[in-house]
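Chains as they are written, first to last, in the numbering used here: chain A, 1055 to 1164; chain B, 1055 to 1164.
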DNA sequence: TGGCAACATGTCGTATCTGACATATCTTCT
DNA sequence: AGAAGATATGTCAGATACGACATGTTGCCA
């Protein structure tokens, strides 16, 4: 299991427990990934609440559908910068962003 | 006044009022820069509280003295990713980070 | 079953970021 | 003044992230 695969796994769905369980990630690496996941989930939730598709969001924030998909999937090729800039462009306030960041990603099971 | 110079100015010291005053930055760009500034100031404050110099911090987080200097200056060549990863490696918790992010940078005058 | 819209995945050329190094500018001693 | 430690600035080659495009997959309606 190579590094990219790992990050994809972690990124893609997975959050019963923490990102670092049975993956050899350091604490700070795990926390970083969890922050990205939280923002990614928030992005998807906000988009859906507004009844927008990924293509529309892409236009609003000046990107492409595929990149929006990767943002929502917390793909390793997506930076925290991009996630934050995207949410800000969608009108999310710093304080809201910060709150999202302080919480871990929601468990997959409701 | 070119773009790099502008960002340097904003980055370097400056926070009487907001980043966007008399600079033609959009709201989301300004907020993004303010977030970086807040983290940069926090990094410097924490380093000083621990009586470390930039070289020592560089060793801890696996970087170089010059990059640490740029982080603390919120240089445009420094990403949010790098600032966040650095603070996490210094042991700062997600919640603390989030709180720092939610506040604007402190005014230069105490 | 076909068709269509939404979303996911893979790849690529370019742009931006990173650690490292060299060097300049403080700051604080004596 | 001069030396020494700390911090700032400039630059660069390699690494990583970016938007874009093509294509694959999924879900739904008729």
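In this text, a Cβ means the ideal position worked out from N, Cα and C, and glycines have one as well. Quick caveat, the model's predicted, so the values are computed rather than measured.
According to DSSP, simplified to helix, strand and coil, what is residue i?
i               : result
residue 1104(A) : coil
residue 1135(A) : helix
residue 1118(B) : coil
residue 1096(A) : helix
residue 1082(B) : helix
residue 1144(A) : coil
residue 1128(B) : coil
residue 1159(B) : coil
Assuming residue i contacts residue j (C-beta within less than 8 Å), just tell me the rounded distance between them.
i               : j               : result
residue 1124(B) : residue 1086(A) : Contact flag wrong, Cβ pair sits at about 20 Å.
residue 1156(B) : residue 1152(A) : 4 Å
residue 1144(A) : residue 1100(A) : 6 Å
residue 1137(A) : residue 1084(A) : Contact doesn't hold; Cβ gap of about 17 Å is too wide.
residue 1135(A) : residue 1142(B) : Incorrect: roughly 15 Å between the Cβ atoms, too far for contact.
residue 1166(B) : residue 1126(B) : Residue 1166(B) falls outside the range modelled here, since chain B spans only 1055 to 1164, and no answer is possible.
residue 1112(B) : residue 1121(B) : 7 Å
For the alpha helix (DSSP H) containing residue i, list its first residue and its last residue.
i               : result
residue 1156(A) : 1148-1156
Legend entry - Segment contact flag, the segment 1105-1122 of chain A with the segment 1087-1096 of chain A, C-beta cutoff 8 Å, min 3 pairs: No, the segment 1105-1122 of chain A does not touch the segment 1087-1096 of chain A.
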